[in-house]
Amino acid sequence: MTLSGKASIVGVGASSLERDPQRSVLSMAGDALMGALDDAGLERGAIDGLCVQIGSPRGADYDTLALTLGLDVRYASQTWPHGRFTATVITHAAMAVASGLATRVACILAMKNSDLGRIGEANNPFFYEQFRENGGPHGEEGHIGMASPVAGAAMALDLYCRTYGKDRELLGAIPVAFRAHARLTPDAVARDPMTQEDYLACRPIIDPIRLFDCSLVGDGAVCLIISQAGLATVAQRPVAITGVQGVRASRESYIFGPLGLGVGQQSGKRLNMREARGHPAYRMAGVTPERIDVLGVYDSLSPLALYTFEDFGFCGAGEGLDWIQDGRIGLGGERPTNLNGGQLSHAQLNGWGQVRELVTQLRGEAGARQVQKARTAMWATIGGDALVLERN
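For the sequence shown, the working numbering gives the first residue as 746, with consecutive numbering after it.
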(Lines of atoms letter the chains of each structure in order from A and count residues from 1; the text may use other names and numbers.)
(Lines give C-alpha, C1' and ligand atoms only; values in the text may rest on other atoms or scores of the structure.)
Protein backbone atom coordinates (compact mmCIF):
# COMPACT_ATOMS: atom_id res chain seq x y z
CA MET A 1 0.00 0.00 0.00
CA THR A 2 1.20 3.50 -0.79
CA LEU A 3 -0.05 6.74 0.74
CA SER A 4 0.59 8.69 -2.44
CA GLY A 5 -2.48 10.67 -3.41
CA LYS A 6 -4.69 9.18 -0.67
CA ALA A 7 -4.79 12.37 1.41
CA SER A 8 -5.04 16.07 0.65
CA ILE A 9 -4.50 19.28 2.57
CA VAL A 10 -7.80 21.16 2.30
CA GLY A 11 -7.48 23.85 4.97
CA VAL A 12 -4.74 26.02 6.43
CA GLY A 13 -4.93 28.45 9.34
CA ALA A 14 -2.52 30.29 11.59
CA SER A 15 -2.53 32.57 14.60
CA SER A 16 -0.78 35.90 14.75
CA LEU A 17 2.85 35.82 15.89
CA GLU A 18 3.19 38.70 18.33
CA ARG A 19 4.56 38.00 21.78
CA ASP A 20 1.78 38.61 24.27
CA PRO A 21 2.24 37.34 27.84
CA GLN A 22 -1.54 37.30 28.27
CA ARG A 23 -2.19 35.08 25.24
CA SER A 24 -2.41 31.35 25.92
CA VAL A 25 -1.37 28.43 23.76
CA LEU A 26 -5.02 27.35 23.65
CA SER A 27 -6.08 30.74 22.33
CA MET A 28 -3.48 30.56 19.56
CA ALA A 29 -4.52 27.00 18.70
CA GLY A 30 -8.14 28.11 18.51
CA ASP A 31 -7.28 30.91 16.10
CA ALA A 32 -5.37 28.50 13.87
CA LEU A 33 -8.12 25.86 13.91
CA MET A 34 -10.89 28.34 13.12
CA GLY A 35 -8.79 29.81 10.32
CA ALA A 36 -8.26 26.35 8.81
CA LEU A 37 -11.95 25.47 9.11
CA ASP A 38 -12.93 28.73 7.42
CA ASP A 39 -10.36 28.11 4.70
CA ALA A 40 -11.77 24.62 4.05
CA GLY A 41 -15.41 25.68 4.37
CA LEU A 42 -15.99 23.14 7.15
CA GLU A 43 -17.65 23.04 10.55
CA ARG A 44 -15.93 21.62 13.63
CA GLY A 45 -18.14 18.55 13.47
CA ALA A 46 -16.46 17.52 10.22
CA ILE A 47 -13.18 16.92 12.08
CA ASP A 48 -12.88 13.41 13.51
CA GLY A 49 -9.10 13.20 13.94
CA LEU A 50 -6.50 15.26 15.80
CA CYS A 51 -2.72 15.11 15.46
CA VAL A 52 -0.64 17.33 17.73
CA GLN A 53 3.08 17.95 17.61
CA ILE A 54 3.87 19.66 20.89
CA GLY A 55 2.17 19.07 24.21
CA SER A 56 2.61 20.70 27.61
CA PRO A 57 4.56 22.67 28.82
CA ARG A 58 5.47 24.40 25.54
CA GLY A 59 2.16 23.53 23.92
CA ALA A 60 -1.10 21.82 24.85
CA ASP A 61 -1.87 18.11 24.98
CA TYR A 62 -4.30 16.52 22.53
CA ASP A 63 -7.05 15.89 25.10
CA THR A 64 -6.90 19.45 26.39
CA LEU A 65 -7.06 20.77 22.83
CA ALA A 66 -10.04 18.59 21.94
CA LEU A 67 -11.93 19.65 25.06
CA THR A 68 -11.15 23.35 24.75
CA LEU A 69 -11.64 23.61 20.98
CA GLY A 70 -14.90 21.66 20.96
CA LEU A 71 -13.67 18.70 18.94
CA ASP A 72 -15.05 15.15 19.11
CA VAL A 73 -12.45 12.89 17.49
CA ARG A 74 -12.08 9.13 17.10
CA TYR A 75 -8.38 9.25 16.22
CA ALA A 76 -5.71 11.18 18.14
CA SER A 77 -1.93 11.25 18.01
CA GLN A 78 0.72 13.38 19.70
CA THR A 79 4.48 13.51 19.19
CA TRP A 80 7.61 14.74 20.88
CA PRO A 81 8.37 18.49 21.12
CA HIS A 82 10.85 18.94 18.29
CA GLY A 83 10.76 20.11 14.68
CA ARG A 84 12.05 16.77 13.47
CA PHE A 85 8.50 15.43 13.88
CA THR A 86 6.67 17.88 11.61
CA ALA A 87 6.45 15.51 8.65
CA THR A 88 5.75 12.59 10.99
CA VAL A 89 2.67 14.32 12.43
CA ILE A 90 1.31 15.04 8.95
CA THR A 91 2.16 11.48 7.88
CA HIS A 92 0.17 10.14 10.85
CA ALA A 93 -2.81 12.17 9.66
CA ALA A 94 -2.42 10.93 6.08
CA MET A 95 -2.22 7.34 7.32
CA ALA A 96 -5.34 7.83 9.43
CA VAL A 97 -7.50 9.11 6.59
CA ALA A 98 -6.07 6.63 4.07
CA SER A 99 -6.87 3.69 6.37
CA GLY A 100 -10.33 4.91 7.36
CA LEU A 101 -9.42 5.64 10.98
CA ALA A 102 -10.62 9.19 10.30
CA THR A 103 -12.03 11.21 7.44
CA ARG A 104 -10.57 14.63 8.23
CA VAL A 105 -7.75 15.29 10.69
CA ALA A 106 -6.75 18.61 12.21
CA CYS A 107 -2.95 18.77 12.56
CA ILE A 108 -2.01 21.42 15.11
CA LEU A 109 1.25 22.98 16.18
CA ALA A 110 0.76 25.53 18.97
CA MET A 111 3.73 26.65 21.00
CA LYS A 112 4.83 29.46 23.27
CA ASN A 113 8.57 29.89 23.58
CA SER A 114 8.92 33.46 24.79
CA ASP A 115 8.20 32.69 28.45
CA LEU A 116 10.42 29.62 28.79
CA GLY A 117 13.56 31.47 29.87
CA ARG A 118 17.04 30.25 29.01
CA ILE A 119 17.86 26.60 28.50
CA GLY A 120 19.32 25.20 31.70
CA GLU A 121 17.54 27.58 34.10
CA ALA A 122 15.70 25.85 36.92
CA ASN A 123 12.63 28.07 36.45
CA ASN A 124 12.32 26.88 32.85
CA PRO A 125 9.49 24.29 32.58
CA PHE A 126 11.54 22.52 29.93
CA PHE A 127 14.35 22.11 32.51
CA TYR A 128 12.86 18.87 33.81
CA GLU A 129 12.61 17.42 30.32
CA GLN A 130 16.31 18.13 29.95
CA PHE A 131 17.08 16.07 33.07
CA ARG A 132 15.01 13.19 31.73
CA GLU A 133 17.04 13.20 28.54
CA ASN A 134 20.50 12.93 30.10
CA GLY A 135 21.43 16.58 30.00
CA GLY A 136 19.19 18.08 27.37
CA PRO A 137 16.69 17.45 24.57
CA HIS A 138 19.18 18.43 21.86
CA GLY A 139 22.18 16.34 22.85
CA GLU A 140 23.55 18.82 25.38
CA GLU A 141 26.50 17.53 27.41
CA GLY A 142 26.78 19.90 30.35
CA HIS A 143 29.67 18.05 31.96
CA ILE A 144 31.94 18.96 29.03
CA GLY A 145 30.63 22.49 28.61
CA MET A 146 28.11 21.84 25.81
CA ALA A 147 25.24 23.51 27.59
CA SER A 148 23.12 24.69 24.66
CA PRO A 149 21.83 23.40 21.32
CA VAL A 150 24.13 25.83 19.49
CA ALA A 151 27.18 24.00 20.84
CA GLY A 152 26.37 20.81 18.94
CA ALA A 153 25.66 22.74 15.76
CA ALA A 154 28.94 24.63 16.08
CA MET A 155 30.88 21.40 16.52
CA ALA A 156 29.27 19.86 13.43
CA LEU A 157 29.79 22.95 11.26
CA ASP A 158 33.43 23.19 12.31
CA LEU A 159 33.97 19.55 11.37
CA TYR A 160 32.13 20.03 8.07
CA CYS A 161 34.24 23.05 7.06
CA ARG A 162 37.49 21.32 8.02
CA THR A 163 36.51 18.11 6.24
CA TYR A 164 35.69 19.81 2.95
CA GLY A 165 38.04 22.80 3.18
CA LYS A 166 35.23 25.33 2.98
CA ASP A 167 34.95 28.96 4.10
CA ARG A 168 32.32 29.14 6.84
CA GLU A 169 31.48 32.72 5.82
CA LEU A 170 29.76 31.32 2.71
CA LEU A 171 26.98 30.14 5.03
CA GLY A 172 25.67 33.72 5.12
CA ALA A 173 23.87 33.12 1.83
CA ILE A 174 21.19 31.19 3.74
CA PRO A 175 20.07 33.75 6.37
CA VAL A 176 20.46 36.59 3.84
CA ALA A 177 18.19 34.84 1.32
CA PHE A 178 15.59 33.91 3.91
CA ARG A 179 15.50 37.46 5.27
CA ALA A 180 14.81 38.75 1.76
CA HIS A 181 11.82 36.39 1.61
CA ALA A 182 10.61 37.51 5.05
CA ARG A 183 10.55 41.10 3.82
CA LEU A 184 7.81 39.96 1.42
CA THR A 185 5.89 38.13 4.17
CA PRO A 186 3.50 40.39 6.11
CA ASP A 187 3.48 38.39 9.36
CA ALA A 188 7.23 37.65 9.52
CA VAL A 189 8.83 38.59 12.83
CA ALA A 190 12.10 39.92 11.32
CA ARG A 191 11.73 42.10 8.22
CA ASP A 192 14.67 44.48 8.44
CA PRO A 193 17.10 44.25 5.50
CA MET A 194 20.10 41.94 5.87
CA THR A 195 23.23 41.87 3.71
CA GLN A 196 26.23 39.57 3.70
CA GLU A 197 28.13 42.38 5.42
CA ASP A 198 25.48 42.48 8.16
CA TYR A 199 25.85 38.73 8.58
CA LEU A 200 29.62 38.91 8.91
CA ALA A 201 29.36 41.78 11.39
CA CYS A 202 26.90 40.08 13.77
CA ARG A 203 28.28 38.64 16.98
CA PRO A 204 29.31 35.01 17.33
CA ILE A 205 27.24 32.79 19.62
CA ILE A 206 29.53 29.75 19.63
CA ASP A 207 32.13 29.87 16.88
CA PRO A 208 31.47 29.32 13.99
CA ILE A 209 27.72 29.90 14.62
CA ARG A 210 26.70 33.58 14.49
CA LEU A 211 23.64 35.37 15.79
CA PHE A 212 21.92 35.42 12.39
CA ASP A 213 22.44 31.66 12.05
CA CYS A 214 19.97 31.14 14.92
CA SER A 215 16.19 31.01 14.63
CA LEU A 216 13.88 33.51 16.26
CA VAL A 217 11.95 32.82 19.43
CA GLY A 218 8.36 32.51 18.32
CA ASP A 219 4.87 32.20 19.78
CA GLY A 220 2.18 30.99 17.43
CA ALA A 221 0.06 28.21 16.01
CA VAL A 222 -0.59 26.59 12.65
CA CYS A 223 -3.35 24.16 11.72
CA LEU A 224 -3.59 21.98 8.62
CA ILE A 225 -6.69 19.96 7.81
CA ILE A 226 -5.87 16.65 6.15
CA SER A 227 -8.78 15.03 4.33
CA GLN A 228 -9.45 11.80 2.51
CA ALA A 229 -8.63 12.74 -1.07
CA GLY A 230 -12.05 11.65 -2.29
CA LEU A 231 -13.78 14.12 0.03
CA ALA A 232 -11.79 17.15 -1.14
CA THR A 233 -13.65 19.66 -3.30
CA VAL A 234 -12.43 22.03 -5.99
CA ALA A 235 -13.49 24.97 -3.82
CA GLN A 236 -11.04 23.84 -1.13
CA ARG A 237 -8.07 24.19 -3.54
CA PRO A 238 -6.70 20.84 -2.32
CA VAL A 239 -3.00 20.06 -2.25
CA ALA A 240 -2.23 16.35 -2.61
CA ILE A 241 0.24 14.57 -0.33
CA THR A 242 2.11 12.36 -2.79
CA GLY A 243 5.27 11.44 -0.88
CA VAL A 244 6.06 11.04 2.83
CA GLN A 245 8.82 9.86 5.11
CA GLY A 246 8.83 10.11 8.89
CA VAL A 247 11.87 10.97 10.97
CA ARG A 248 14.74 8.50 10.79
CA ALA A 249 17.07 7.29 13.52
CA SER A 250 20.31 5.31 13.25
CA ARG A 251 23.98 5.36 14.27
CA GLU A 252 24.57 7.68 11.30
CA SER A 253 22.12 10.29 12.61
CA TYR A 254 23.16 13.40 14.50
CA ILE A 255 20.61 16.06 15.32
CA PHE A 256 22.86 18.94 14.20
CA GLY A 257 24.67 17.39 11.26
CA PRO A 258 24.14 15.45 8.03
CA LEU A 259 23.99 11.68 7.92
CA GLY A 260 27.41 10.14 8.39
CA LEU A 261 29.39 13.35 8.93
CA GLY A 262 31.59 11.84 11.63
CA VAL A 263 30.27 13.32 14.88
CA GLY A 264 30.06 10.90 17.79
CA GLN A 265 29.04 7.46 16.59
CA GLN A 266 28.78 8.45 12.92
CA SER A 267 31.06 6.55 10.55
CA GLY A 268 32.20 9.51 8.46
CA LYS A 269 30.62 8.02 5.32
CA ARG A 270 28.20 10.49 3.75
CA LEU A 271 25.35 9.69 1.39
CA ASN A 272 26.35 9.61 -2.26
CA MET A 273 24.18 11.30 -4.89
CA ARG A 274 22.45 8.07 -5.89
CA GLU A 275 21.48 7.38 -2.29
CA ALA A 276 20.34 10.95 -1.65
CA ARG A 277 18.26 11.11 -4.83
CA GLY A 278 16.69 7.76 -3.94
CA HIS A 279 15.03 9.09 -0.78
CA PRO A 280 11.76 7.22 -0.06
CA ALA A 281 9.64 10.38 -0.35
CA TYR A 282 10.92 10.94 -3.89
CA ARG A 283 10.24 7.32 -4.78
CA MET A 284 6.71 7.37 -3.36
CA ALA A 285 5.85 10.54 -5.26
CA GLY A 286 7.64 9.47 -8.45
CA VAL A 287 9.69 12.67 -8.63
CA THR A 288 13.34 13.71 -8.63
CA PRO A 289 14.97 16.78 -7.02
CA GLU A 290 14.70 18.60 -10.36
CA ARG A 291 10.91 18.38 -10.16
CA ILE A 292 10.74 20.36 -6.91
CA ASP A 293 9.52 23.88 -7.71
CA VAL A 294 9.41 25.16 -4.13
CA LEU A 295 11.37 23.86 -1.15
CA GLY A 296 10.89 24.18 2.59
CA VAL A 297 13.67 23.09 4.94
CA TYR A 298 14.13 23.01 8.69
CA ASP A 299 16.35 25.94 9.69
CA SER A 300 16.42 26.36 13.45
CA LEU A 301 20.11 26.93 12.67
CA SER A 302 21.28 27.84 9.18
CA PRO A 303 23.74 24.93 8.75
CA LEU A 304 20.81 22.52 9.11
CA ALA A 305 19.41 23.93 5.88
CA LEU A 306 22.83 23.50 4.26
CA TYR A 307 23.01 19.81 5.13
CA THR A 308 19.45 19.21 3.96
CA PHE A 309 20.30 20.41 0.45
CA GLU A 310 23.04 17.77 0.35
CA ASP A 311 21.20 14.87 2.00
CA PHE A 312 18.25 15.25 -0.40
CA GLY A 313 20.35 15.27 -3.54
CA PHE A 314 20.11 18.90 -4.61
CA CYS A 315 23.91 18.93 -4.54
CA GLY A 316 26.65 16.52 -3.52
CA ALA A 317 28.17 16.02 -0.07
CA GLY A 318 30.49 18.92 0.70
CA GLU A 319 29.18 20.99 -2.22
CA GLY A 320 26.43 22.87 -0.39
CA LEU A 321 28.29 26.05 0.56
CA ASP A 322 29.20 26.67 -3.07
CA TRP A 323 25.80 25.54 -4.36
CA ILE A 324 23.79 28.06 -2.29
CA GLN A 325 25.63 31.08 -3.70
CA ASP A 326 24.48 33.51 -6.43
CA GLY A 327 20.79 33.50 -5.54
CA ARG A 328 20.17 29.81 -6.15
CA ILE A 329 17.86 29.43 -3.11
CA GLY A 330 16.21 32.83 -3.46
CA LEU A 331 12.94 33.84 -5.08
CA GLY A 332 13.60 33.62 -8.81
CA GLY A 333 16.48 31.19 -8.26
CA GLU A 334 16.84 27.57 -9.31
CA ARG A 335 15.57 26.18 -5.99
CA PRO A 336 13.56 28.83 -4.08
CA THR A 337 13.59 27.84 -0.43
CA ASN A 338 11.73 28.96 2.72
CA LEU A 339 9.84 31.67 0.91
CA ASN A 340 8.11 32.81 4.09
CA GLY A 341 11.51 33.57 5.67
CA GLY A 342 11.85 30.27 7.50
CA GLN A 343 12.56 29.98 11.19
CA LEU A 344 15.52 32.31 10.78
CA SER A 345 13.30 35.28 9.88
CA HIS A 346 9.59 34.32 9.93
CA ALA A 347 9.27 32.56 13.31
CA GLN A 348 10.42 29.44 15.12
CA LEU A 349 7.36 27.25 14.62
CA ASN A 350 9.16 23.94 14.08
CA GLY A 351 8.78 24.27 10.32
CA TRP A 352 4.99 24.51 10.26
CA GLY A 353 5.27 28.02 8.88
CA GLN A 354 7.21 26.62 5.93
CA VAL A 355 4.67 23.85 5.29
CA ARG A 356 1.91 26.45 5.38
CA GLU A 357 3.90 28.47 2.84
CA LEU A 358 4.26 25.47 0.53
CA VAL A 359 0.48 25.02 0.47
CA THR A 360 0.05 28.74 -0.22
CA GLN A 361 2.55 28.54 -3.08
CA LEU A 362 0.89 25.52 -4.69
CA ARG A 363 -2.46 27.26 -4.50
CA GLY A 364 -0.96 30.29 -6.27
CA GLU A 365 -1.85 32.59 -3.37
CA ALA A 366 1.57 33.85 -2.22
CA GLY A 367 1.39 37.30 -3.79
CA ALA A 368 4.79 38.97 -4.17
CA ARG A 369 6.50 35.73 -3.09
CA GLN A 370 4.74 33.55 -5.65
CA VAL A 371 6.78 31.10 -7.70
CA GLN A 372 5.13 31.04 -11.09
CA LYS A 373 3.61 27.73 -12.22
CA ALA A 374 4.60 25.98 -8.99
CA ARG A 375 3.20 22.45 -9.09
CA THR A 376 5.43 20.37 -6.81
CA ALA A 377 6.79 21.30 -3.38
CA MET A 378 8.85 19.55 -0.75
CA TRP A 379 9.43 19.79 2.99
CA ALA A 380 12.68 18.21 4.19
CA THR A 381 14.92 18.13 7.27
CA ILE A 382 18.28 16.67 8.25
CA GLY A 383 16.33 14.11 10.26
CA GLY A 384 15.37 12.52 6.95
CA ASP A 385 11.67 13.30 7.32
CA ALA A 386 10.01 14.74 4.24
CA LEU A 387 6.76 15.56 2.46
CA VAL A 388 6.15 15.90 -1.26
CA LEU A 389 3.10 18.02 -2.04
CA GLU A 390 1.51 18.53 -5.45
CA ARG A 391 -1.17 20.79 -6.80
CA ASN A 392 -4.25 18.82 -7.83
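Note that beta-carbon positions come from the ideal geometry of N, C-alpha and C, so glycine has one too.
Burial check for Q767: the Cβ neighbour count within 10 Å stays below 16, so the residue is exposed. Per DSSP, K1014 has no beta-bridge partner at all. Of the residues assessed, A901 falls on the buried side of the cut-off, its CB having 16 or more other CB atoms within 10 angstroms. The C-beta distance from A847 to Y807 rounds to 13 Å, too long to meet the 8 Å contact threshold.
Counting only runs that start and end inside the stretch 788-832, the alpha helix (DSSP H) elements of at least 4 residues fall at 807-814. DSSP places E1135 within a strand segment (E or B) once states are collapsed to three. Boundaries of the alpha helix (DSSP H) around S772: 770-785. For S859, there is no enclosing alpha helix (DSSP H), since its DSSP letter is neither H nor E. Here DSSP, grouped into helix, strand and coil, assigns S1047 to helix. Between A985 and S753, the C-beta gap is smaller than 8 Å, which places the two residues in contact. Between the alpha carbons of S893 and E997 lies a distance of about 22 Å. Distances from the CA of T1053 to each of R1080, R764, L945, V1032 were compared; the closest alpha carbon is that of R1080.
Using a Cβ distance threshold of 8 Å, A777 and V1032 do not count as a contacting pair. The distance from the Cβ of A832 to that of W1097 is about 11 Å, inconsistent with a contact at the 8 Å cut-off. For G1041, the enclosing beta strand (DSSP E) has its first and last residue at 1039-1042.
Here S972 carries a strand assignment [DSSP, helix/strand/coil].
The C-beta separation of G988 from A1021 comes to about 15 Å, leaving the pair out of contact by the 8 Å criterion.
Taken through DSSP and simplified to helix, strand or coil, Q990 comes out as strand. The residue from G975, N1085, F1001 with its alpha-carbon nearest to that of A898 is F1001. Inclusion of R1015 and G1023 in the CB contact set at 8 Å is not warranted, their separation being larger than that value. Rounded to the nearest whole angstrom, the CA to CA distance from Q1010 to G790 is 49 Å. Around the beta carbon of V757, a 10 Å sphere encloses 16 or more other beta carbons of the protein chains shown; the residue is thus reported as buried. Rounded to the nearest angstrom, the gap between the Cα atoms of G917 and S801 is 35 Å. Around the beta carbon of D817, fewer than 16 other beta carbons lie within 10 angstroms, which makes this residue exposed. Less than 8 Å divides the Cβ of V755 from the Cβ of A977. A residue is called buried once 16 or more other Cβ atoms fall within 10 Å of its Cβ, and G975, having fewer, is exposed. Close CB contacts of L1051 within its chain, under the 6 Å cut and outside five residues either way in sequence, are with G1065 (chain order). The beta carbon of I1074 is closer than 6 Å to those of A922, R1080, T1082 in its chain, skipping five residues each way along the sequence. Collapsing the DSSP output to three states places S893 in coil. If you check the CB distance, D1130 and Q1088 do not come in under 8 Å.
In this structure, R849 places its C-beta atom within 8 Å of the C-beta atom of G794.
The distance from the Cβ of V962 to that of A855 is about 15 Å, inconsistent with a contact at the 8 Å cut-off.
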